[in-house]
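K.L.:
Residues in the sequence shown are numbered from 11 upward in steps of one, following the numbering used here. Just so it is clear, CB atoms sit at the ideal spot from N, CA and C, and this is done for glycine as well.
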Amino acid sequence: MEKIILLLTIVSFLLIIYLVLKQRNSGTTNFADLLQRKNDESLDRIDSRIKDDSARMRDELKGTINYLREEISNNQKNFIEVILAQLKMFSTSLENLTTRLENNYQSFQGELLKNSTDFRSEFIKSHESISGILLKQLADFSQSQKAEITLLTDQTAKVIQTIDLKFEELRTKVETKLSSIQENNEKKLEEMRITVDEKLHDTLEKRLGDSFKIVSERLELVHKGLGEMQTLASGVGDLKKVLTNIKTRGNWGEIQLAALIEQLLTPEQYETNFVTKSGSSERVEFAIKLPGSKSSKDTPLLLPIDAKFPIEHYQRLLDAQDAANPELVAEHKRALDRTIRLEADKIHNKYVDPPNTTDFAIMFLPVEGLFAEVLRIPGLVESIQRVNKVVITGPTTLTAVLSSLQMGFRTLAIEKRSGEVWDLLAAVKTEFGKFGDVLEKTQEKLTQASNTLDTARTRTRQIERKLKKVQELPVEKTNQLLDFDSED
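(1) Roughly how many angstroms separate the alpha carbons of Lys343 and Leu328, rounded to a whole number?
(2) Whole angstroms is fine: what's the gap from Thr409's alpha carbon to Glu383's?
(3) Would you say Leu311 and Thr367 are within 8 Å of each other, going by their C-beta atoms?
(4) Below 6 Å CB to CB, which residues in the same chain sit around Ala371 once its five sequence neighbours on both sides are set aside?
(5) Quick check on DSSP: helix, strand or coil for Val232?
(6) Which word fits Asn113, buried or exposed, when buried means at least 16 other C-beta atoms lie within 10 angstroms of its C-beta?
(7) When the distance is taken between beta carbons, is Glu353 closer than 8 Å to Ala317?
(8) Could you tell me if Ala149 is buried or exposed, where buried requires 16 or more neighbouring beta carbons within 10 angstroms of its beta carbon?
(9) Leaving out the 5 sequence neighbours to the left and right, which residues in its chain are closer than 7 Å to Thr38 when beta-carbon positions are compared?
(10) At what residues does the alpha helix (DSSP H) containing Asn359 begin and finish?
(11) With a cut-off of 8 Å on the beta carbons, I'd call Leu385 and Leu270 a contact; round off their distance for me.
(12) Helix, strand or coil for Glu295, going by three-state DSSP, please let me know.
(13) Taking only runs of the alpha helix (DSSP H) that begin and end inside the stretch 359-395, which ones reach a length of at least 4 residues, in chain order?
(14) For a quick check, are the C-beta atoms of His323 and Ala345 less than 8 Å apart?
(15) Under the three-state reduction of DSSP, which class applies to Thr276: helix, strand or coil?
(16) Using beta carbons (cut-off 8 Å, strictly below), is Glu91 in contact with chain D?
(17) Out of curiosity, what's the CA-to-CA distance linking Ala334 and Gln279?
(18) Measure from the alpha carbon of Lys287 to the alpha carbon of each residue in Asp369, Leu218, Glu337 and Asp128, then state which is nearest.
(19) Within 10 Å of its beta-carbon, does Ile394 have 16 or more other beta-carbons around it, so buried, or fewer, so exposed?
(20) Going by DSSP, name the residue or residues bridged to Leu313.
(21) Please name the residue or residues paired with Val206 in a DSSP beta bridge.
(22) Measuring straight from C-alpha to C-alpha, what distance separates Asp128 and Met99?
(23) Counting C-beta neighbours from all protein chains within 10 Å, is the total for Glu454 16 or more, i.e. buried, or is it exposed?
(24) Flag this pair as yes or no: are the beta carbons of Pro301 and Leu422 separated by less than 8 Å?
(25) Quick one: grab the DSSP three-state call for Thr403.
Now the structure itself:
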């Protein structure tokens, strides 16, 4: 820090001395003012830097600044003397340098004037000579260009004339060719038109014939379908009549129930129109014979099955559902509920008679939709099964029940005949042992026959070798000699 301040002080003094000497030597006030301004600016910058440094290092530099001030005041006299001596030498050097520069400038100015005069004269001469050459060349070039343009114009006229002639010839040839091509095209188009007309006529006739044939076949199918629809409509009407009649409707349910039972059970396994309750004349439609009642094992246990078809309430329920009327739907569901409960109570009272029958009966509904609607009524099926001891079934569920009963019947039949099966297996085992002995004897006989055949084959080869040199006779002579039949 001390060195920096010392250098700054030296520079400021040097600038002051230089300005004083310069002002004295040049005598110009403006230059001195400029230097004074520069000096002031330098001093301002130095002061600002010193202030910044002193602001950052105020506590540390207080003692140093005091010391520098004392050193500067002590060494100022010696330093001024040294500076004065150096300034004197510097002023002398500046005077010598100024004199030398003035001399060089005067000599350079004289040479520059001389060189500029020479250059101007040479440039004028060169410009005049170049201008003359350019003018001459331009004149020659214009003459040659005129000659070439004239020649090119003549050649262009000749080429244009030749092109016109060639184009005229080409146009004539093209017109001729176009005329011939047009005539040929017209002939070919006429031939093609005739051919296309013929093919279109044939194709159109064929297509129309095929189309009319297809339309006729479709119309026949439509008439046939209409006839079938009329037949179906009459059948539907007959079916509606059947289903609206209570007697025929009951018969239809019985017929469907009979068809299911006949498909799955044998006639010995069920009874039809059978009285199941002692002291009653009510006959159940079908009664399945289950093996062994509690009273007697030989007497079968009967399972009553009766078909019911309350189609009126079911049809009204469907109509209410189609009409999207919740009140009518609820009303007809209640009516269907009452009807099913009433029919279940009738079945229980008429046909259930333990121990002659099972303690429950089966109600068969012949339509799956009706069975599904009954299942949808909350608690109906469970209540009837618990209170009336009646199981409600549809075609699918009854088929499953009958199939399970059929499997049970088969299992019982197998159990009954298991003793016979064991006796049959014992007899088969005995006979199979005898069959093994017979097979052994047969094998011995076959072995003997095979050995005999091998011996005969060996002797046959020996005879063939012996007879190899003997000449063969024709077949006819051989047959005559040996009395063989020719057909054999």
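P.N.:
If we stick to the structure as given:
(1) 10 Å
(2) 19 Å
(3) yes
(4) For Ala371, the CB contacts under 6 Å within the same chain, skipping 5 residues up- and downstream, are Pro314, Ile357, Tyr361, Val362 and Val400 in chain order.
(5) Of the three classes helix, strand and coil, the one that applies to Val232 here is helix, per DSSP.
(6) exposed
(7) no
(8) exposed
(9) The pLDDT assigned to Thr38 is 46, lower than 50, so where the model puts this residue is not dependable, and the model offers no usable value.
(10) Residues Pro336 to Tyr361.
(11) About 19 Å separates the two Cβ atoms, so there is no contact after all.
(12) strand
(13) Counting only runs of 4 or more residues that sit fully inside the stretch 359-395, the alpha helix (DSSP H) segments are 378-386 and 390-393, in chain order.
(14) yes
(15) coil
(16) Structure shown: chain D not included; a single protein chain is present.
(17) 47 Å
(18) Asp369
(19) buried
(20) Leu313 is bridged by DSSP to Ile298.
(21) DSSP, once it has assigned bridges, lists no residue as partnering Val206.
(22) 44 Å
(23) By the 16-neighbour rule on beta-carbons within 10 angstroms, Glu454 is exposed.
(24) yes
(25) DSSP places Thr403 within a strand segment (E or B) once states are collapsed to three.
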